[in-house]
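Enquirer: The opening residue of the sequence shown carries number 70 in the working numbering; numbering runs sequentially from there.
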Amino acid sequence: MPPRTTDSTPERRDDDRAPSTGPEPETAGEREGGAAAGAGAGSGKGGDGTSGARPAEPGAGDTAPTPSPAGGDGDEAGEAGDDTDQRVAAMRRAADGGRRWRALHLAGCAVLLAVAVTGGAVAVGGGQDGGTGVDAVSAAGALSPGDLARGDLDAGIASLQKHLRAQPRDFGGWSTLGVAYVEQARTKGDPSRYPQAERALRRSLDLEPGNDQALAGQAALAAARHDFPGALNHADRALKQNPYNERALCTRIDALVELGRYDDAAKAADTADDRRPGVPVFTRYAYVHELRGDVRTARSVLERALGSASAPADVAYVATSLGQLAWNQGEYKTALGHYARALAADDAYLPALEGRARTQAASGDRAAAVAGLEQVVAQFPLPGPLVALGELYEDRGADGDRAKAGDQYALVDAWTALARAGGANTDLETALAAADHGDKKEALRSARAEWDRRHSVHTADALAWALHVNGRDEEALPYARRATATGYRNAVFLYHRGVIERATGDERGARTHLKAALDLNPGFSPLGAREARTALKDLEGNR
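Given below as structure tokens:
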């Protein structure tokens, strides 16, 4: 499952505070660990869906647009937020082509996708206007995590655009629009919005240099593009202006975790909890503890946060976080209960729909899992659910399923190209998906590039697995050990380490870690779990 931190960091409301979030004492065996948020990533056979990675290059050549005589903006305030059908159709057309001539033409896919998706949004999106969206996104207000995954975000963007046509010098409105574009890109799988976000945030800073809202928005944008050093820099600048800016406090935690600076991330989480306790901080605080092996504290904080949540969006967000935590521990009945509560609050909340489908698959209800993931990817074809659905097709093995699986993996390539065109770095997604379902050499190139940028447990695991599938197991083993050395309870990491140990001749280590993976989360991946059971049976037979 994707990590529980997010790039969305809504401003705190009075009802966000949990009764108590003080940390419980840590055990002596805890160590720092983890990786944080981002767009859902390809899971490979592990099905982990770790966060994205790689610092992204800023959109080159973007300049702040000039307001039109009517007071609007030709690039930002006039563009609508969604047009999901055209975007998905464009990606699927590109994926169809990629299956036929991917080896020759994938380099041009990003340009084609960017033109198709952005062009469609400009052509048909500008007329949207919805009054209800003002509650979700307003010039002065903040963005709630659940609202960002719902249609309210699109209506809110339309309302902001209308407002900025009338009031083009509202720097707060421009910063909020920029953050809304970031959230639309992240939650709707549409990276073409990143350059728009960049221009809107720059406009805010042109109007009011150094304003903390726009600096925090730039931090969120950098994190969404997986430029984590940039995210940290922008967050620190925002906090220098306003030490209580919640979005900056939260993005700072995300960036430190993704950079592998786990002790610093824990301190940042404590600081954020002291300054701006609320749902966005609580979920990050919990995740930092989970990554250090302290599942008890993580669950306790999330339960308190859920008990204090009143808005449906916050209920969906926190209940989903609890579902993902339970899923990671193999507690499927508990996870399904949390997802049910999330969907009762918001029946269209994408992370809950995806989490429920993955849990159904792990519980043996493959038909429901396939139907659920098909529903998810039909709307938002992101790498994590695409790979998960492809593996379910492979595991089912009915007539035509192999071709269906190939379709999903081709769409991962299409999404990657589109993300790169939007200025995002996709090396971790590429490494994870390609290692099992694509070009193994490209998987290794991408994993090495990501490791050169940051040393998190997720990049260590990705590099270990990419080295393994390229037959370089002795080189892979130290990275596999590093990925599992933090206390983070992750069945995929344990599975990868066990397979690599078996390949290096360490049968005792292989038995230990393959069994640990299956004991922790026996349905962590339809293909990976099956291979882990087969390998463990063979090892037991050799004793």
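We put the beta carbon where it would ideally sit given N, CA and C, even for glycine.
So Ala-374 packs on Phe-351, CB below 8 Å; how close in whole Å?
Expert: The residue you call residue 374 lines up with position 305 of the sequence shown. The residue you call residue 351 lines up with position 282 of the sequence shown. Right, the Cβ-Cβ distance comes to about 4 Å (below 8 Å), so this counts as a contact.
Enquirer: Taking the alpha-carbon positions, what's the Asn-314 to Ala-300 distance?
Expert: As a first step, residue 314 must be located in the sequence shown, where it is residue number 245. As a first step, residue 300 must be located in the sequence shown, where it is residue number 231. Taking the straight line from one Cα to the other gives about 14 Å.
Enquirer: Check Leu-536 in the structure and name its three-state DSSP category.
Expert: As a first step, residue 536 is located in the sequence shown; it is residue number 467 there, counting from the start. Helix, per DSSP.
Enquirer: Which residues in the same chain as Ala-423 place their Cβ atom closer than 6 Å to its Cβ, once the five residues preceding and following it in sequence are excluded?
Expert: As a working note, residue 423 is residue 354 in the sequence shown. For the sequence presented, residue 423 should be read as Glu rather than Ala. Correct list, in chain order: Val-445, Pro-454.
Enquirer: Taking one C-beta from the region 338 to 346 and one from the region 524 to 540 each time, how about it: are there three or more such pairs within less than 8 Å?
Expert: At 8 Å Cβ cutoff, the stretches do not touch.
Enquirer: Looking at Tyr-418 and Gly-392, is the spacing between their C-beta atoms short of 7 Å?
Expert: The residue given as residue 392 occupies position 323 in the sequence shown. The residue given as residue 418 occupies position 349 in the sequence shown. For Gly-392 and Tyr-418, no; Cβs fall outside 7 Å.
Enquirer: Would you mind sorting Ala-467 into buried or exposed? The rule is 16 or more other CB atoms within 10 Å of its CB.
Expert: Here residue 467 refers to the residue found at position 398 when the sequence shown is read from its first residue. Exposed, since its Cβ has fewer than 16 Cβ neighbours within 10 Å.
Enquirer: Return the residue from the list Ala-421, Asp-415, Leu-451, Tyr-401 that minimises the CA-CA distance to Ser-432.
Expert: For the purposes of this step, residue 432 is taken as the residue at position 363 of the sequence shown. Of the listed residues, the one whose Cα sits closest to Ser-432 is Tyr-401.
Enquirer: Figure out for me which residue from Ala-430, Tyr-478, Tyr-557 has the closest Cα to the Cα of Phe-593.
Expert: On the sequence shown, position 524 is the one that residue 593 refers to. Checked all of Ala-430, Tyr-478, Tyr-557; the closest Cα to Phe-593 is Ala-430.
Enquirer: Could you tell me which of Thr-320, Asp-296, His-295, Arg-255 sits nearest to Asp-305, measuring between CA atoms?
Expert: The residue given as residue 305 occupies position 236 in the sequence shown. The shortest Cα separation from Asp-305 among Thr-320, Asp-296, His-295, Arg-255 belongs to Thr-320.
Enquirer: Would you identify the three-state DSSP class for Leu-497, choosing helix, strand or coil?
Expert: The sequence position of residue 497 within the sequence shown is 428, counting from 1. In the structure shown, Leu-497 falls within a helical segment according to DSSP collapsed to helix, strand and coil.
Enquirer: What residues in its chain sit with their C-beta under 7 Å from that of Gly-385, if we drop five residues either side in the sequence?
Expert: Residue numbering aside, residue 385 sits at position 316 when the sequence shown is read from its first letter. At residue 385 the sequence reads Ala, which differs from the Gly that was named. Same-chain partners within the cutoff: Gly-215, Ala-411, Ala-414, Asp-415, Tyr-418, Ala-421.
Enquirer: Looking only at its chain, what residues have a beta carbon closer than 6 Å to the beta carbon of Val-357, apart from the 5 residues adjacent to it on each side?
Expert: Along the sequence shown, read from residue 1 onward, the residue named residue 357 stands at position 288. Answer for Val-357: Ala-334, Ala-335, Ala-338, listed in chain order.
Enquirer: Rounded to whole angstroms, what's the CA-CA distance from Glu-443 to Lys-309? Just pull it up for me.
Expert: Position 374 of the sequence shown, counted from the first residue, corresponds to residue 443. Position 240 of the sequence shown, counted from the first residue, corresponds to residue 309. Computed Cα separation, rounded: 45 Å.
Enquirer: Could you spell out where the alpha helix (DSSP H) holding His-358 opens and where it closes?
Expert: Within the sequence shown, numbered from 1, the residue matching residue 358 stands at position 289. It spans 348 to 360 - the alpha helix (DSSP H) in which His-358 sits, taken as one unbroken run.
Enquirer: How is the alpha helix (DSSP H) around Gly-578 delimited, first residue to last?
Expert: As a first step, residue 578 is located in the sequence shown; it is residue number 509 there, counting from the start. Counting along the chain, the alpha helix (DSSP H) containing Gly-578 begins and ends at 576 to 589.
Enquirer: What is the DSSP secondary structure of Ala-149, reduced to helix, strand or coil?
Expert: Taking the first residue of the sequence shown as 1, we reach residue 149 at position 80. Any reading at Ala-149 needs caution, since the residue's pLDDT is 41, under 50, leaving its predicted position unreliable; the model's value is listed next. DSSP places Ala-149 in coil when its eight states are reduced to three.
Enquirer: Can you give me the start and stop residues for the alpha helix (DSSP H) that Phe-449 sits inside?
Expert: Working through the sequence shown from its first residue, we reach residue 449 at position 380. Premise fails: Phe-449 is in no alpha helix (DSSP H) and is neither H nor E.
Enquirer: Take Ala-474 and list the residues in its own chain whose beta-carbon comes closer than 6 Å to its own, dropping the five residues that flank it on each side.
Expert: On the sequence shown, position 405 is the one that residue 474 refers to. So the list reads Gly-459, Tyr-462, Glu-463, once near-sequence residues are dropped.
Enquirer: Round the Cβ separation of Ser-525 and Asp-496 to the nearest angstrom and send it over; I've been treating them as touching at under 8 Å.
Expert: Within the sequence shown, numbered from 1, the residue matching residue 525 stands at position 456. Within the sequence shown, numbered from 1, the residue matching residue 496 stands at position 427. So it is not a contact: roughly 13 Å between Cβ atoms.
Enquirer: Would you decide whether Glu-498 is buried or exposed? Buried here means 16 or more other CB atoms lie within 10 Å of its CB.
Expert: The sequence position of residue 498 within the sequence shown is 429, counting from 1. Its Cβ being crowded by 16 or more others within 10 Å, Glu-498 is buried.
Enquirer: Flag this pair as touching only if the region 504 to 515 and the region 277 to 286 have three or more C-beta atom pairs under 8 Å; answer yes or no.
Expert: no
Enquirer: Sorted by chain position, which residues of the same chain lie with C-beta nearer than 8 Å to Asp-607's C-beta, five sequence neighbours on each side aside?
Expert: Numbered from 1 along the sequence shown, position 538 holds the residue referred to as residue 607. Correct list: empty, nothing qualifies.
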